[in-house]
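First residue of the sequence shown? That's 1 in full-length UniProt numbering, and the numbers climb one at a time after it. For reference, the structure is listed below as C-alpha cells.
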Amino acid sequence: MEKNCNSVAGHAGTLIKASSRQADDKAGSRVPPGGHLLQTNKAESQLLPCASPSDPVHWTNEIVPVVADTSAPAEAAPDQTVSDGEQLTRAPDETYYQRSESPAEPPAENELPAGRSRRRRSRWCLGCGCFEQVKTVVLRILMTGFEKYAGVVYDHPWLFIMVSLLATAGMSVGIFLRTPESDVYTLYSLSGSPSQVTKEHLLDVLPPDRLLFVLLTGTSNLVTRETVTRIDSLLQGIESITLRRDSVTTDEFNHRLVSHDRSPFPETITFQDICAKDGSGKCQVQSILDLYPSSSAWGVMPIASASWPVVTNPVTHKVSRLDAILGKITTSVRLAEQGSGRPALTVVEEAEAMLMRIDLRGETIWKPYTAAFEKLVLDYVLGQDFGPDISVTAKAERSSYDELKRVSTLDVVEWLRLCAAVLVVFLYTSVVNSSKTHRTKLVPSAMGALASLLGYLGGAGLVYLCGVRHTTPAEATPFLAIGIGVDDLFVIINAYSLTYLHPNPKERVVDAIRDAGLSITITTLTNVITFIIGALSPYYSISMFCIITAGALTWGYVLCLTFFLAGLSLDARREARKEPLSYSLFWRFMPRCCRKSSYEPQLSPPLPLTAAASGLEEMRNESEEIVTADQTPPTHGGDLLTTYQLAALMVLYKKHTCQSRSSQPARRLFDRRDGTGTEETMSTPVPEDSERDRTNQKSCGTQVSTGIVDVRETGQDAASQRQLSSHIRDMTTQESMMLLKNFEKEMEQNPEKLLKLYHPEPLGNPGRGSRRFFRDYYGRFLGNTFVKATVLVIFAAVTALAIYGATTLKFGLSLKNITPQASYLRDFYSLHEDLFPSYGDEVTVFFAENDRWEDREVQMRYLQMVKELSEQEWAVVVTDGMSLFLQHAMPSLHSGNRKEFRALLKTWLEGDPIGQNFSTFFKFSFDNLIVWQFRYWMPHRDNTTTLYYWLKEGKDIVSAGKPYFHGEVHTALAVIWESDPKILPFTLTNLSIALVCILAISLLLIPDLTSAIIVVLVVSLVDLWLFGFMALIDLPLSMISMVNLLISIGYSVDFTIHVAHTFTHCVGASRKDRMVETMIVMGAPVTHGMLSTLLSILALAGSPKYILEVFFKMMFMVIVFAYTAGMVLLPVVLTLLGPFHPHGKRESGKAIACDSSAQLIDMEPLHGTGKEEHGVGV
1 MEKNCNSVAG
11 HAGTLIKASS
21 RQADDKAGSR
31 VPPGGHLLQT
41 NKAESQLLPC
51 ASPSDPVHWT
61 NEIVPVVADT
71 SAPAEAAPDQ
81 TVSDGEQLTR
91 APDETYYQRS
101 ESPAEPPAEN
111 ELPAGRSRRR
121 RSRWCLGCGC
131 FEQVKTVVLR
141 ILMTGFEKYA
151 GVVYDHPWLF
161 IMVSLLATAG
171 MSVGIFLRTP
181 ESDVYTLYSL
191 SGSPSQVTKE
201 HLLDVLPPDR
211 LLFVLLTGTS
221 NLVTRETVTR
231 IDSLLQGIES
241 ITLRRDSVTT
251 DEFNHRLVSH
261 DRSPFPETIT
271 FQDICAKDGS
281 GKCQVQSILD
291 LYPSSSAWGV
301 MPIASASWPV
311 VTNPVTHKVS
321 RLDAILGKIT
331 TSVRLAEQGS
341 GRPALTVVEE
351 AEAMLMRIDL
361 RGETIWKPYT
371 AAFEKLVLDY
381 VLGQDFGPDI
391 SVTAKAERSS
401 YDELKRVSTL
411 DVVEWLRLCA
421 AVLVVFLYTS
431 VVNSSKTHRT
441 KLVPSAMGAL
451 ASLLGYLGGA
461 GLVYLCGVRH
471 TTPAEATPFL
481 AIGIGVDDLF
491 VIINAYSLTY
501 LHPNPKERVV
511 DAIRDAGLSI
521 TITTLTNVIT
531 FIIGALSPYY
541 SISMFCIITA
551 GALTWGYVLC
561 LTFFLAGLSL
571 DARREARKEP
581 LSYSLFWRFM
591 PRCCRKSSYE
601 PQLSPPLPLT
611 AAASGLEEMR
621 NESEEIVTAD
631 QTPPTHGGDL
641 LTTYQLAALM
651 VLYKKHTCQS
661 RSSQPARRLF
671 DRRDGTGTEE
681 TMSTPVPEDS
691 ERDRTNQKSC
701 GTQVSTGIVD
711 VRETGQDAAS
721 QRQLSSHIRD
731 MTTQESMMLL
741 KNFEKEMEQN
751 PEKLLKLYHP
761 EPLGNPGRGS
771 RRFFRDYYGR
781 FLGNTFVKAT
791 VLVIFAAVTA
801 LAIYGATTLK
811 FGLSLKNITP
821 QASYLRDFYS
831 LHEDLFPSYG
841 DEVTVFFAEN
851 DRWEDREVQM
861 RYLQMVKELS
871 EQEWAVVVTD
881 GMSLFLQHAM
891 PSLHSGNRKE
901 FRALLKTWLE
911 GDPIGQNFST
921 FFKFSFDNLI
931 VWQFRYWMPH
941 RDNTTTLYYW
951 LKEGKDIVSA
961 GKPYFHGEVH
971 TALAVIWESD
981 PKILPFTLTN
991 LSIALVCILA
1001 ISLLLIPDLT
1011 SAIIVVLVVS
1021 LVDLWLFGFM
1031 ALIDLPLSMI
1041 SMVNLLISIG
1051 YSVDFTIHVA
1061 HTFTHCVGAS
1071 RKDRMVETMI
1081 VMGAPVTHGM
1091 LSTLLSILAL
1101 AGSPKYILEV
1111 FFKMMFMVIV
1121 FAYTAGMVLL
1131 PVVLTLLGPF
1141 HPHGKRESGK
1151 AIACDSSAQL
1161 IDMEPLHGTG
1171 KEEHGVGV
C-alpha cells in the first residue's frame, strides 16, 4: 500500500515538473474562458492511497480531447456571487479532457522527491505503521459509506421521510405507556448496600410500624380547650375511616397486585384493623390528649413536668415527651414546696404547634392496605379547615412516593415548557439559516429541529416499550435531546454551505455528509458513551435516566441522517433550480390559471462597467442557465479545493486586502457629465509584459489601470473581489494543478499566488456572515498577543478559584429537596425541622441474635454501650426498655439463669406501668426472646453526609459490644445517606473512564497526539471548573449533579474536538492563521449549537422541581464552561502549542499527498493536437 502511494507521488512529481515547463512556455497565450479542468472522482482518489497491493492500479499518462455535444442543453456553471451580488457565468465548453485508460508502467521507488524519506523518518507521528494504516482504512470505509448513503438518500428523499416518520410514530407509543418508578428508596439508594441488607433483615424479624404524622401550626397559643376539642374530633374522624378490601388493586408504587390472597383480610378494613397496638391492646396514637387525665381537663389543667420534658399521665401511666408533642413552647418554672412535698415543675404556658403521631401496621402482607388507608387519611386530614389562624399538614409513609410520582409526571406546565423549548429552538435554527435569496435553508432547519424532538419521542418511547421505568431525572431528557440534537443540524448545514463551488446539488449533499458525517458520528458517539457509562451507575434513577437519554440521542442521530438529510436533499434541488422558497412552497400549488407556466429565476443586476472593461462586459453578456437537480454539471477546478484550503484562502485574501489598503492608496476621479472616468494611483506601475503577470498582480490586489469605473464600489475591496472572481480564467490547467499540488509550499513561500484560486462566497449562503465575523474580527482578536495573555491569566484565575471551591464541596441528596416546592410534604419537612429540631430521623437498634442476656458481664457491657451512646451529641433522645428493666431488676437477677431473666422481663413488660410503654419493642415466641429493639433520635441536619457519619459512629459504638452481643443499626434514610461518601469515587471513576474513551476517539479522528492530549486536558479543566463552582453556588455533589458532570464531557468534546480536529487539518502559514481558519470553518456551527442548547435549557429556569432546577444550574454552567473552553481557551492554546507542520510532509498525511498526486496523474497536456490548452473554468 505504501509502495503504491510513494510510486504515485513520484510519478506525479515528474509530471508536475513537465507541466510547469509547458505552462511557462504558454504563459502569454490567453486561455478560453470556458475551459474546464478534469476532476477525478473524490471517493476514488481518496481510496487510492489506501488500496491493498492486490488492487489494480492503472497509470495514465495522456489526456484525450473529447468534443462535447453542442446539441445537448447547456449546463450552468456554479453561481459565483461576490459581495455585491454579481453572478459570474460561463458558456458551455466545446472541449474537455477525458482520462485515457491506457496503462503505463509505475515509476521506480528511487524517483521519489529528494528528502521525502528523510523527512518522514525525522517527523515523529502517532500511529506510525500498522495503527496508522488501520485507522486510514477505517476512515476510508466510513467516508465512502457516508458518500454512498448520502447518494441513496438524495435519490429517494420521500421514502426516507415517510419511513422515519412511521417508525417514530410507532416507537413514540411508549411515551404514553411508560410506567413511573416512585419508590424513593429504589430510586436513590445503592442496590445491595449494607443498609439495604440491614433493612431487609429488620423487615423479616421485626417489621417497623408505618408512621403517620399530623402537624398543626398557628399564630397564637394552641393549648386551649377549643383547639384540643378540634383535635379530638379530628382523631375521631380518622378512626371512622373504612376501606373496602376489594378496592385495593395496586400497591403504593402503583404496581398491580399479582397472585395476592385477600382471604385473610376483612372485607371492610377499619382503623382498629390497620393500626399498630401497644401492650394494652390499644392503637398507638400519640397526641396532646395523652397529657390530660380526662376530657374535662382539656385546655384547663396546666401541663407540667417534674423532669423536663418527660411527663407521665397519672391515670394511664403513659409516658410522653412534651418536646415531641408541642412545638414553639413557652414555659415557666414553679419552685418546689417544701411543706407539701411538691417538686419543682416546668409548666407549659403556650405552644404554637402540635404534632400527632399514629402508628400503623408495617407487616409486608398488610402494606397494600395500609398504604391505601394512608391515602384516605391524608385526603381527610388535608381537607380539614381549622380556620384562618391554624394550618394543617401531614406526612405518611407513602407521601414521598406520591409526591415523587407527581414530580415524575409531565403536567400541563411542563408540557408548555417543552413546547416553548421546541418553539424557541425551531425559530432560532430557522432564523440563523435563512436568507432572502434562493439559498435559504429555512425548511431544512425546521426539519432538523423537528428531528431532534422526534428523536426523543422515538428513542425514549422504544426504551419505555422495552420495560425501562420512567424516573424523575428523565424529566430533563426531552430538553437535553432537543439541545444536543440540533448541534448536528448546524454542522451539516455548515458543511453544505462550504460546498458552494459545486454546481451539482447531489454532489453538494454527498460532499457535505462525507465531511460532516464522521464528525457528527464521533460527537454523538461520545455523548452516547458518556450516558452508557452513566447507565452503569449503581443508582437506579440515574441508570434509567442515562438509558432513556442515550436512546433519545441515538434515534435523534438516525433521524438527522434520514429525515433531516432527506429534507436537505429536496431543498438542494430547489436551490439548484434557483427557485425562491415562497415559489416552491406556495406558488406551484396555486391554480393553473393563477400561476406561471414555469419559474424563471431573476438574474442579478448587470454591473455598471465602462466600454473598456471588455472582459467583464463579456461576462455580463453571457446567458445564465438553470442547473436542474438531476443533470450532471461540468466539473470545475475549484472543486479540488478542500474545506481547509478554502478557509486558508479566505484568511489569505483578507490579509491581502488589508495590506493593499494600507500600501496602495488610490484616488478615483469620475466625470458625471460624459460618463467617463479616470483613475490615478499612487502605487507602482503595473508591468504588462505577459497576461500571467497581469493575473498575478490582480490576485495580489495590485490595481491595474483598465479604465474601469464602479459607480457602486468606491473601495478597493469590491474591485479586488471582482478581479479574484474572474482572473482564474487566465490560469492554465497545469498552473492551477501546480498550485493545488504545492498548496502548502506556496502558502509558505509565495502565498499571493494562491489568490488565483480564491472564490468569493455567494450572497445568501447560510453562515456567510458568521464566517466573515470569525475571520475579520473574532479570529484576529484572539490572535492578539495581549488578548492571548489576558485569556490565559483569566482562565488561570478561574482554575484557582475552582480548586478552592472544590475543597469546600458538599455531598448528599436531601429527601426534602427532591419533593416539589408546592407540596404539603415539603411544608411538613420545613415546619418539622423548625419546630421539632431534636426529633429528626428515628434510628432503630435491634438485636436478633441469640445472645446471653442473662449473663451479668453482657448486661454490664450493654449498659456501658447505652451510656456511651447517650452521651453523644447526635443521640438526642434514647428510648431504651432494656436499660430500664436492668436498672429495675438487676439486683434480683442471677447471672446465667436464662429462664429467670426471660420470665422477669416478660412480667415487667406486661405488668409494670413503665414497662408497658415498651412492650411492642420485644418479640417473644413460646416465652423465648427472639428479637428486641430500642430507638434514639438524631437532630435535623441539612447535610446528609453529616447524618451518615453520625449513623456510622452509632454503628461503631454498637459493634464494639461484640462478641458479647450483636446489634444492628438502621434508619429509613440510611440507604440514601450511604451513597454520599461513595458518590465522589463513583463520579471520578466514571469521569476517568469517559476521558479514556474520549482520548481513544480523539486519536481516531485527530491524527495528532498533541491535539488529542490538549482536548483531554481542556475537558478535564471543564470538569474541574464545574466541581469548584458547584460549591460556590451551594450545590452539593449528588447523583443528580453527577450525571451533569458526565454530560459535561460530551458537551466539552462537542466543542473542543471540532476545533482541534479542524486546526490539525488547516494549512495556514502560521499557527495564528490556522486558528483563524479553524474559527471560519467551525466557529459558526459550534456557536449556534451552544446557543440552541442554551435556549432549550432556559425552559427549565424557574421550575418548581428540584431535579429540574439542578439540571438547569448544572447545564448552564456546562454550556458556558464548555463553550468558553472550546472557543476561547483552546484556540489560544493551539496558537501556542498546537501542531504545526506541512500536512504533505508528515507520515500521517501521506493519504492527502497521494490524493493530490493521484488527481494529477492524468493531467498531461495533449501533444500534437494543434489546439490551445483550456484553463481552469470556475
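Every residue gets a Cβ at the ideal spot worked out from N, C-alpha and C, and that includes glycine.
When the Cα atoms are used, V431 and L442 turn out to be separated by approximately 7 Å.
Each residue's CA atom was taken as its position, placing S287 and R357 some 7 Å apart. Beyond the five residues adjoining it in sequence on each side, F781 comes within less than 8 Å, by CB distance, of V787 in the same chain, given in chain order. Note on geometry: alpha-carbon atoms of T808 and T946 lie some 14 Å from one another. Annotated as proximal: Y644 and V1067, with beta-carbon spacing under 8 Å. In this structure, the straight-line span from the alpha carbon of A1101 to that of P478 is close to 15 Å.
Judged by DSSP secondary structure, S838 falls outside any beta strand (DSSP E); it is assigned neither H nor E. For W908, the number of other beta carbons within 10 angstroms of its own is at least 16, and it is reported as buried. Looking at Y428, P1139, N742, the one whose alpha-carbon comes closest to that of K1072 is P1139. Contact between the region 259 to 267 and the region 209 to 229 is not established, with fewer than three Cβ pairs separated by less than 8 Å. Between F774 and A495, the CB-CB gap reaches or exceeds 8 Å. Look at P194 here: in three-state DSSP terms it is helix. DSSP places N928 within a strand segment (E or B) once states are collapsed to three. Per DSSP, E352 lies in no alpha helix (DSSP H); the unbroken beta strand (DSSP E) holding it starts and ends at 345 to 360.
If one requires a minimum length of 4 residues, the alpha helix (DSSP H) runs lying completely within the region 984 to 1060 are 1009 to 1032, in chain order.
Shortest Cα-Cα distance from I542 to any of R406, N504, T472 involves T472. Sequence-distant partners of P505 (beyond 5 residues in either direction) whose C-beta falls short of 6 Å from its own C-beta, in its chain, are A572, R573, A576, A629. A797 carries a helical assignment under DSSP once its states are collapsed to helix, strand and coil.
Taking a C-beta distance under 8 Å as the contact criterion, G218 and E352 qualify as a contact pair. For K1113, the three-state secondary structure derived from DSSP is helix.
Within a 10 Å sphere around the beta-carbon of T526 sit 16 or more other beta-carbons, which makes this residue buried. In this structure L1026 is not in contact with S992, their Cβ atoms being roughly 15 Å apart against a cut-off of 8 Å. One alpha carbon belongs to E181, the other to D511, and they sit about 46 Å apart. Going by DSSP, S445 is part of the alpha helix (DSSP H) stretching over 442 to 465. Distance from the Cα of A648 is smallest, within the candidate group K756, L561, S569, W555, for K756. Excluding the 5 residues flanking it on each side, G458 has same chain C-beta neighbours closer than 6 Å at T168, M171, S172, W555, in chain order.
For G387 and T224, the gap between their C-alpha atoms comes out near 15 Å.
If you draw a 10 Å sphere on the C-beta of M865, you find 16 or more other C-beta atoms in it, and that means buried. By alpha-carbon distance to S569, the top candidate from G915, G448, A848 is G448. For S519, the enclosing alpha helix (DSSP H) has its first and last residue at 505 to 535.
A straight line joining the alpha-carbon of K952 with that of E252 spans about 30 Å.
Where K328 is concerned, the enclosing beta strand (DSSP E) starts and stops at 326 to 334. Of the candidates V931, K816, V425, the residue whose Cα lies closest to the Cα of A446 is V425. Counting the other CB atoms within 10 Å of its CB gives E507 a total of 16 or more, which places it among the buried residues.
Scanning P444, A960, S400, Y185 for the CA closest to the CA of F563 turns up P444.
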